[in-house]
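In numbering that gives the first Met the number 0, the protein residues as written are 0 to 402.
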Amino acid sequence: MAVHSVSDVTRYIKSMFEGEAILSDILIRGELSNFKRYPSGHCYFTLKDAGASMKCVMFNGYARSLRFTPENGMQIVAGGSVSVYERDGAYQLYVNTMTVEGAGALALSFEQLKEKLFNEGLFDEAHKRPLPRFPRRIGIVTSRAGAVLRDIYKVSKRRWPSIQLVLHPVLVQGAEAAEQIAAAIGFFNEKYPVDVLIVGRGGGSAEDLWAFNEEPVVRAIYASRIPVISAVGHETDTTLADFVSDRRAATPSQAAELAVPDSTEMRQFLVSLDTRLNAARRRRTAECRMRLEALTERPWRRNPKMLIASYMQRTDRTERRLHSAAERRRNEERHKLELAIKRLELLNPVRLLYRGFSIVEKGGRTVCRAKELTCGDRLRITFADGKVAAVVADRLKEEQHGA
Numbered sequence: 000m001a002v003h004s005v006s007d008v009t010r011y012i013k014s015m016f017e018g019e020a021i022l023s024d025i026l027i028r029g030e031l032s033n034f035k036r037y038p039s040g041h042c043y044f045t046l047k048d049a050g051a052s053m054k055c056v057m058f059n060g061y062a063r064s065l066r067f068t069p070e071n072g073m074q075i076v077a078g079g080s081v082s083v084y085e086r087d088g089a090y091q092l093y094v095n096t097m098t099v100e101g102a103g104a105l106a107l108s109f110e111q112l113k114e115k116l117f118n119e120g121l122f123d124e125a126h127k128r129p130l131p132r133f134p135r136r137i138g139i140v141t142s143r144a145g146a147v148l149r150d151i152y153k154v155s156k157r158r159w160p161s162i163q164l165v166l167h168p169v170l171v172q173g174a175e176a177a178e179q180i181a182a183a184i185g186f187f188n189e190k191y192p193v194d195v196l197i198v199g200r201g202g203g204s205a206e207d208l209w210a211f212n213e214e215p216v217v218r219a220i221y222a223s224r225i226p227v228i229s230a231v232g233h234e235t236d237t238t239l240a241d242f243v244s245d246r247r248a249a250t251p252s253q254a255a256e257l258a259v260p261d262s263t264e265m266r267q268f269l270v271s272l273d274t275r276l277n278a279a280r281r282r283r284t285a286e287c288r289m290r291l292e293a294l295t296e297r298p299w300r301r302n303p304k305m306l307i308a309s310y311m312q313r314t315d316r317t318e319r320r321l322h323s324a325a326e327r328r329r330n331e332e333r334h335k336l337e338l339a340i341k342r343l344e345l346l347n348p349v350r351l352l353y354r355g356f357s358i359v360e361k362g363g364r365t366v367c368r369a370k371e372l373t374c375g376d377r378l379r380i381t382f383a384d385g386k387v388a389a390v391v392a393d394r395l396k397e398e399q400h401g402a
């Protein structure tokens, strides 16, 4: 009996799996568990039922096409091929499609993405921009074929014949549609500015309209600096593009009506405005005439000298009041000065000398007390009318002076 290596046996088992037609393209139903998506985009998870479990892998190239976010506990149907992962010697399902069993995957994906974008604030009314009243150029993002473009052109030219329409043709359904729509919105913002964008397509099934639910399209509309009108499907159709756009139109024709002003209505508005302006001009002219007549009827208009005499009298009164105020101020300041002089005179030491006081100095210093002197000290005494020199002959006892 031959001896085989582990690798040989594993490769043999793998070839058996891959040789079975039923395992090369199979749909398997089960509950999703242990789901994990790595930074590379690859998804690893387990499918299980009451009796067994199976490891599964979905590589990034297939995972990007998922229209919903897988969550543990979902009942799903996974399509792919069963093979052996040689390193672990374990079989697993290589998944290339995944749908939700029961509720449709599209409806689930719609609600999941709607909740996510709502929580991010993409649908906030505060972010929505007003449409310009008089656009000169309108960008259109839709298919080159179909009635949508014809309807927009017909309505726009009827309402405002000089309006300029710029088409950026895109696919509006299919795998590449979302990427093209988002790129077209970016093109108008970055390279070919217009005043308003109309983004839309005609009616169809949920699958046909799905490109307008794709995250790249929604984020491109949100990021657009140009106001966007969504016109997707019919009035009953609602896409995520409708939630994020600045205005939603039920049909492409209504989108054109929202974007383009009506020249007939504008002419009527201008006629009304001209009428109001003329009425305002006449009213203002009448008011000015009445004011002028009132001015001409005043006495000073008939005799200007009366007005001059009145102002001269007012000038004289003002002059007298100024002179009177200045005189009062001078008297007040003079009185203050006299009081200050009197106070200074009272503090003048010379006046004290005339009252019998004198200043005694010894060696250039003023002597204030008798105990500072001794017999024989030479003094200089200042009186009101002159100075004398003296010598201390004796020092009397303090009791003889009483203090």
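We treat Cβ as the ideally placed atom computed from N, Cα and C, and that holds for glycine. Values in this document were obtained by computation on a predicted structure and should not be read as measured data.
Residues sharing a beta bridge with residue i, DSSP
{"i": "P168", "result": "T141"}
{"i": "S52", "result": "K47"}
{"i": "S32", "result": "T45"}
{"i": "G40", "result": "Answer by DSSP bridge pairing: none, since G40 is not bridged."}
{"i": "K386", "result": "T381"}
As assigned by DSSP and simplified to three states, the class of residue i
{"i": "M97", "result": "strand"}
{"i": "I380", "result": "strand"}
{"i": "R281", "result": "helix"}
{"i": "R135", "result": "coil"}
{"i": "I162", "result": "coil"}
{"i": "V2", "result": "coil"}
{"i": "K127", "result": "coil"}
{"i": "L112", "result": "helix"}
{"i": "L26", "result": "strand"}
{"i": "A146", "result": "helix"}
{"i": "T9", "result": "helix"}
{"i": "T263", "result": "helix"}
{"i": "L121", "result": "coil"}
{"i": "M19", "result": "A small correction: the amino acid at residue 19 is Glu; Met does not occupy that position in the sequence shown. Looking at E19 - three-state DSSP - the assignment turns out to be coil, as it is neither helix nor strand."}
{"i": "C374", "result": "coil"}
{"i": "A248", "result": "coil"}
Proximal residues to residue i (C-beta, below 7 Å), its chain only, five neighbours per side dropped
{"i": "F133", "result": "P260"}
{"i": "R135", "result": "Q163 and D194"}
{"i": "C55", "result": "F44, T45, L46, A77, Q91, L92 and V94"}
{"i": "A293", "result": "none"}
{"i": "L65", "result": "M97"}
{"i": "S108", "result": "R66 and F67"}
Residue i: first and last residue of the uninterrupted alpha helix (DSSP H) it sits in
{"i": "V366", "result": "That residue, V366, is in no alpha helix (DSSP H); it is neither H nor E in DSSP."}
{"i": "A258", "result": "P251 to A258"}
{"i": "G60", "result": "N59 to A62"}
Same chain, Cβ closer than 6 Å to residue i, neighbours up to 5 away in sequence not counted
{"i": "H233", "result": "G202"}
{"i": "R143", "result": "P168"}
{"i": "Y61", "result": "N95"}
{"i": "P131", "result": "D194"}
{"i": "S255", "result": "First, the amino acid is wrong: residue 255 is Ala here, not Ser. So the list reads I151, V154 and S155, once near-sequence residues are dropped."}
{"i": "G29", "result": "L46, K47 and D48"}
{"i": "G362", "result": "none"}
Segment limits, beta strand (DSSP E) that includes residue i
{"i": "A392", "result": "Where A392 is concerned, there is no enclosing beta strand (DSSP E), given that its DSSP letter is neither H nor E."}
Residues near residue i in its chain [Cβ-Cβ closer than 8 Å; skip 5 each side]
{"i": "D393", "result": "C374"}
{"i": "D245", "result": "K127, R128, P129, L130, P226, V227 and I228"}
Residue-chain proximity (residue i, chain C), Cβ-Cβ < 9 Å
{"i": "A240", "result": "The structure shown contains no chain C; it holds only a single protein chain."}
**OP:** With a floor of 3 residues, list each beta strand (DSSP E) that falls wholly inside the segment 294-360, ordered by position along the chain.
**Re:** Qualifying beta strand (DSSP E) stretches: none in this window.
**OP:** Would you mind listing the alpha helix (DSSP H) stretches within the segment 174-246 that are 4+ residues and don't spill past its ends, in chain order?
**Re:** 176-189, 214-222 and 239-243
Original post:
Residue ranges of each alpha helix (DSSP H) run of no fewer than 4 residues wholly in the segment 64-97, ordered along the chain?
Top reply: Taking only runs of at least 4 residues, no alpha helix (DSSP H) segment lies wholly in the segment 64-97.
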